[in-house]
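Reading through the structure tokens given below for one structure.
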Amino acid sequence: MLACFSDKGTIHYIPAGVEGPARQQGVAIWTGLIDVFPDLTNRIMALYVGDDGRSVTAEVMISGTQAKDGFGIPNLGKRYELPHAFIITGSPDGGIDRMTAYWDNASWFTMLGRTSLA
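Put into structure tokens, the structure is as follows:
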């Protein structure tokens, strides 16, 4: 994933409150997700290309089975499948300059058995 980003590319994962350089914040969240959900899958449902020729919005269904505690969620071995929206802006050199992601955190927590947002 990191290879798709420009040197100064950033992520903005709004529901998680995670944003910053993809080389630091992106790597941390992506490796964390794969560690906690080793069967993690991403299925592209739809792509919408922006009129500017540099942006795309992707509807992605992400799923996985929890294998260990992570992201404040105790492991109950539950599986989730949750739609995500990614807004991606490209750089002139062809890499990703910015990726903003949205999903329903409350639904994610509920699917995995977390009963409190506190």
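Heads up, the sequence shown is in our numbering, so the first residue is 59 and it goes up one at a time. Cβ coordinates follow ideal geometry from the N, Cα and C atoms, glycine included.
DSSP lists F63, G148 as the bridge partner or partners of I154. Within the segment 75-133, complete alpha helix (DSSP H) segments of at least 4 residues are found at 85-94, given in chain order. Taken through DSSP and simplified to helix, strand or coil, T168 comes out as helix. Judged by pairs of C-beta atoms under 8 angstroms, the segment 79-99 does not touch the segment 108-116, as fewer than three such pairs exist. In this structure L170 does not touch K126 by the C-beta definition: roughly 12 angstroms separates them, more than the 8 angstroms allowed.
It is roughly 22 angstroms from the alpha-carbon of P150 to the alpha-carbon of E77. Excluding residues up to 5 positions away in sequence, C62, F63, S64, G67, A80, I146, T147, G148 lie with their Cβ nearer than 8 angstroms to the Cβ of I154 in the same chain. G122 places its beta carbon less than 7 angstroms from that of D97.
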